[in-house]
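Reviewing the structure listed below.
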Amino acid sequence: MSETATQKRSFLHTAEELLDEEAHFLLDYTCKAVTQNEIQAPGPDWVDRIFGVSNRSIPVMRNLQSIFNHGRLARTGYLSILPVDQGVEHSAGASFAPNPLYFDPENIVKLAIEGGCNAVASTLGTLGSVARKYAHKIPFILKINHNELLSYPNSFDQILFANVQQAYEMGAAAVGATIYFGSPESHRQIKEVSEAFHMAHELGMATILWCYLRNPAFKIDGVDYHESADLTGQANYLGATIEADIVKQKLPVVNGGYPALNRVTKGYGKYSEQMYDKLCSDHPIDLCRYQVLNGFAGRAGLINSGGASGKNDLKDALKTAIINKRAGGIGLISGRKSFQKSMNEGVKLLNLIQDVYLAKEVTLA
């Protein structure tokens with residue numbers, strides 16, 4: 007048996023072993039609502055095809071390509087990114103207690119390198135503390151705003167911890183930022199991030215937006231619509247509107263956020279029933295395809311987040327990667343599942359995610 011055939015059988019065996027009855031459900035599904043021909047498919051030529059006709063400068067395209075050319079997924083058109091800003095967002099003690107190794111920023115970068123990632127995304131202090139040693143060895147993505155949990159009482163607002171000039175000076179390939187769409191603070195955040203992204207592009211860096219929803223009103227009758235395809239899809243559209251080159255989003259697990267909110271508050275937003283019966287179904291790949299569609303039909307590449315660490319990290323990461331790839335996304339950004347365990351186990355999980363994007367049998371649905 008050839009090496010390629012052996013690798014194919016090995017991946018399928020791993021997928022079937024971890025996913026059990028879900029393997030067929032995910033690997034053999036065909037999208038019929040929004041077909042693969044209606045989106046910009048990922049591929050090795052993605053930067054040229056998407057940005058070669060855009061207003062992005064040559065330095066921006068070069069930095070984007072440097073990210074796509076790094077790690078195990080180099081030149082595939084897919085991304086595997088390690089994000090570690092949880093020391094600020096979720097507090098350092100709570101985040102790094104499972105493995106105190108990662109209080110030291112160098113070990114975060116080492117995990118990204120050993121794990122074969124395309125890039126590492128983190129804070130000004132984390133990346134700045136090791137920039138001279140590593141900025142030329144793996145692409146840096148500097149996250150410029152954060153929510154912190156030391157202020158009392160706790161609040162939820164993304165505030166600037168760094169500026170674009172600092173990202174440029176440390177040699178970052180891209181800047182990242184979060185907007186809490188749906189929150190009272192979102193108008194200020196949209197303005198701040200839009201201005202930051204414009205400056206980043208002027209300085210030749212790519213832009214990545216964490217397009218998150220945040221409002222307690224989005225939880226209705228025990229259902230959390232922060233993970234609804236229709237609402238997260240619109241967040242992606244807003245992210246693409248302020249020229250995020252890549253949008254990061256939680257994997258959708260429900261739909262119908264707009265109708266649910268209108269049962270509570272009439273006149274919220276705008277929606278059409280065709281969003282639910284023409285453009286989507288309740289299959290997880292269709293829900294994610296709707297997110298891709300809202301990112302300018304895939305021109306703002308979709309990376310889904312890996313989520314919190316739990317008891318079934320390998321299964322959950324594999325499932326998320328398959329859904330993202332088959333929906334037309336361009337990769338996964340997985341943090342807590344990777345660093346809240348030993349480095350060897352973290353590398354294993356990152357490599358499993360990457361194996362999905364390397365597997366030719368995992369096709370666009």
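Going by the numbering used here, 232 is the number at position 226 of the sequence shown; the sequence numbering is gapless.
Glycine residues also receive a C-beta, built at the ideal position from the N, C-alpha and C atoms.
All figures in this text were calculated on a predicted structure; none of them were measured in a lab.
Quiz item: From the DSSP output, which residues share a beta bridge with residue 149?
Solution: By one-based count along the sequence shown, residue 149 stands at place 143. When beta bridges are read from the DSSP output, residue 149 appears opposite 182.
Quiz item: Who are the Cβ neighbours of residue 342 in its own chain at under 6 Å, not counting the five residues just before and after it?
Solution: Translated into positions along the sequence shown, residue 342 becomes position 336. Result list for residue 342: 314, 315, in chain order.
Quiz item: Going by Cα to Cα distance, which pick from 44, 23, 99, 109 is closest to residue 370?
Solution: Along the sequence shown, read from residue 1 onward, the residue named residue 370 stands at position 364. Of the candidates 44, 23, 99, 109, the one whose C-alpha sits nearest the C-alpha of residue 370 is 44.
Quiz prompt | Simplified DSSP assignment, three categories, for residue 294 | solution = Here the question's residue 294 lines up with position 288 in the sequence shown. Residue 294: helix per DSSP, three-state reduction.
Quiz item: residue 136 to residue 111, Cα distance in whole Å?
Solution: Start at 1 with the first residue of the sequence shown, and residue 136 comes out as number 130. Start at 1 with the first residue of the sequence shown, and residue 111 comes out as number 105. Just so you know, the alpha carbons of residue 136 and residue 111 end up roughly 7 Å apart.
Quiz item: What did DSSP end up calling residue 229 once you bin it into helix, strand or coil?
Solution: Counting from 1 along the sequence shown, the entry for residue 229 is found at position 223. Strand at residue 229.
Quiz item: To the nearest angstrom, how far is it from the Cα of residue 97 to the Cα of residue 132?
Solution: Here the question's residue 97 lines up with position 91 in the sequence shown. Here the question's residue 132 lines up with position 126 in the sequence shown. Counting only the Cα atoms, residue 132 lies some 14 Å from residue 97.
Quiz item: Beta carbon of residue 129, beta carbon of residue 94: below 7 Å?
Solution: Residue numbering aside, residue 129 sits at position 123 when the sequence shown is read from its first letter. Residue numbering aside, residue 94 sits at position 88 when the sequence shown is read from its first letter. Against a cut-off of 7 Å, the Cβ pair of residue 94 and residue 129 comes out as a contact.
Self-check item: For residue 337: DSSP bridge partner residues
Solution: Start at 1 with the first residue of the sequence shown, and residue 337 comes out as number 331. Looking at the DSSP output, residue 337 bridges to 85, 309.
Practice problem: Work out the CA separation of residue 346 and residue 147 for me, nearest whole Å. | Solution: On the sequence shown, position 141 is the one that residue 147 refers to. On the sequence shown, position 340 is the one that residue 346 refers to. When rounded, the distance between both Cα atoms is 21 Å.
Practice problem: Just list the beta strand (DSSP E) runs in the segment 318 to 363, keeping only unbroken ones of 3 residues or longer that don't cross its boundaries, in chain order. | Solution: Within the segment 318 to 363, the complete beta strand (DSSP E) runs of at least 3 residues are 337 to 339.
Practice problem: Give the straight-line distance between the Cα atoms of residue 339 and residue 86, rounded to the nearest whole angstrom. | Solution: For the purposes of this step, residue 339 is identified with residue 333 of the sequence shown, where counting begins at 1. For the purposes of this step, residue 86 is identified with residue 80 of the sequence shown, where counting begins at 1. Those two C-alpha atoms are separated by around 6 Å.
Quiz item: Beta carbon of residue 248, beta carbon of residue 203: below 7 Å?
Solution: Taking the sequence shown and counting its residues from 1, one reaches residue 248 at position 242. Taking the sequence shown and counting its residues from 1, one reaches residue 203 at position 197. Taking 7 Å as the Cβ cut-off, residue 248 and residue 203 qualify as a contacting pair.
Exercise. Flag this pair as yes or no: are the beta carbons of residue 91 and residue 149 separated by less than 7 Å?
Key: Locating residue 91 in the sequence shown gives position 85, counting from the first residue. Locating residue 149 in the sequence shown gives position 143, counting from the first residue. In contact: residue 91 and residue 149 (Cβ atoms closer than 7 Å).
Exercise. For my contact list, residue 336 and residue 309 are in at a C-beta cut-off of 8 Å; report their separation, rounded to the angstrom.
Key: Mapped onto the sequence shown, residue 336 falls at position 330. Mapped onto the sequence shown, residue 309 falls at position 303. Between residue 309 and residue 336 the Cβ distance is about 6 Å, and since that is below 8 Å, they are a contact.
Exercise. State the DSSP-derived secondary structure class of residue 144, mapped to helix, strand or coil.
Key: As a working note, residue 144 is residue 138 in the sequence shown. Residue 144 falls in the coil class under three-state DSSP.
Self-check item: Continuous alpha helix (DSSP H) stretch holding residue 219: start and end
Solution: Stepping through the sequence shown from its first residue, residue 219 is reached at position 213. Per DSSP, residue 219 belongs to no alpha helix (DSSP H); it is in the beta strand (DSSP E), 212 to 219.
Practice problem: Measure the C-alpha to C-alpha separation of residue 62 and residue 307 and round it to an integer number of angstroms. | Solution: By one-based count along the sequence shown, residue 62 stands at place 56. By one-based count along the sequence shown, residue 307 stands at place 301. Whole-angstrom Cα-Cα distance: 15 Å.
Practice problem: Taking only the alpha-carbon atoms, compute the straight-line gap between residue 8 and residue 297 and give it to the nearest angstrom. | Solution: Walking along the sequence shown from the start, residue 8 turns up at place 2. Walking along the sequence shown from the start, residue 297 turns up at place 291. Residue confidence is low: residue 8 scores 48 on pLDDT, short of 50, so the model does not pin down where it sits. No coordinate-derived value is stated.
Quiz prompt | Local Cβ density within 10 Å of residue 326, reported as buried at 16 or more and exposed below that | solution = One-based indexing of the sequence shown puts residue 326 at position 320. Around the beta carbon of residue 326, 16 or more other beta carbons lie within 10 angstroms, which makes this residue buried.
Self-check item: Distance CB(residue 287)-CB(residue 39) smaller than 7 Å
Solution: Here residue 287 corresponds to residue number 281 of the sequence shown, with the count starting at 1. Here residue 39 corresponds to residue number 33 of the sequence shown, with the count starting at 1. Taking 7 Å as the Cβ cut-off, residue 287 and residue 39 qualify as a contacting pair.
Self-check item: Classification of residue 318 by the beta-carbon crowding that lies within 10 angstroms, buried from 16 upward
Solution: As a first step, residue 318 is located in the sequence shown; it is residue number 312 there, counting from the start. Around the C-beta of residue 318, fewer than 16 other C-beta atoms lie within 10 Å, and the residue is accordingly described as exposed.
Quiz item: With respect to 6 Å, is the separation between the Cβ of residue 81 and the closest non-hydrogen atom of the ligand COA below this value?
Solution: As for the ligand COA, it is missing from this structure, which has no ligand bound.
Quiz item: DSSP puts residue 187 in a beta bridge; with which residues?
Solution: Locating residue 187 in the sequence shown gives position 181, where the first residue counts as 1. DSSP, once it has assigned bridges, lists 219 as partnering residue 187.
Quiz prompt | Candidates 294, 47, 219, of which the one nearest residue 184 by Cα | solution = Your numbering for residue 184 matches position 178 in the sequence shown. Distances from the alpha-carbon of residue 184 to those of 294, 47, 219 put 219 closest.
Self-check item: Option nearest residue 21 by Cα separation, candidates 328, 351, 333, 242
Solution: Looking up residue 21 in the sequence shown gives position 15. The shortest CA-to-CA distance from residue 21 to any of 328, 351, 333, 242 is the one to 328.
Quiz item: Taking one C-beta from the segment 116 to 126 and one from the segment 98 to 106 each time, how about it: are there three or more such pairs within less than 8 Å?
Solution: No: the two stretches stay apart, fewer than three of their Cβ pairs being nearer than 8 Å.
Quiz item: For residue 259, does the three-state DSSP call read helix, strand or coil?
Solution: Position 253 of the sequence shown holds residue 259. In the structure shown, residue 259 sits in coil (DSSP, three-state: anything other than H, G, I, E or B).
Quiz item: CB-CB under 8 Å to residue 295, same chain, minus the five flanking residues each way: which ones, in chain order?
Solution: Taking the first residue of the sequence shown as 1, we reach residue 295 at position 289. These residues qualify, in order along the chain: 37, 39, 40, 45, 286, 333, 334, 371.
Quiz prompt | Residues that residue 278 bridges to, as DSSP identifies them | solution = Taking the sequence shown and counting its residues from 1, one reaches residue 278 at position 272. Paired residues: none, contrary to the question.
Exercise. Would you mind stating whether residue 151 and residue 162 have Cβ atoms separated by less than 7 Å?
Key: Taking the first residue of the sequence shown as position 1, residue 151 is located at position 145. Taking the first residue of the sequence shown as position 1, residue 162 is located at position 156. Not closer than 7 Å, so no.
Quiz item: Short check: CB of residue 57 to CB of residue 67, under 7 Å?
Solution: The residue labelled residue 57 in the question sits at position 51 within the sequence shown. The residue labelled residue 67 in the question sits at position 61 within the sequence shown. Less than 7 Å separates the beta-carbon of residue 57 from that of residue 67.
Quiz item: Would residue 192 be called buried (16 or more neighbouring beta carbons within 10 Å of its own) or exposed?
Solution: The count along the sequence shown starts at 1 and reaches residue 192 at position 186. Label assigned to residue 192: buried.
Practice problem: Reducing DSSP to helix, strand and coil, say where residue 25 ends up. | Solution: On the sequence shown, position 19 is the one that residue 25 refers to. Residue 25 falls in the helix class under three-state DSSP.
Quiz item: Which of helix, strand or coil does DSSP assign to residue 9?
Solution: Residue numbering aside, residue 9 sits at position 3 when the sequence shown is read from its first letter. Caution is warranted here: a pLDDT of 49 is assigned to residue 9, below 50, making its placement in the model unreliable, and the coordinate value is therefore given only provisionally. Three-state result, residue 9: helix.
Self-check item: Assigned secondary structure, residue 371 (DSSP; H/G/I helix, E/B strand, else coil)
Solution: Position 365 of the sequence shown holds residue 371. Coil.
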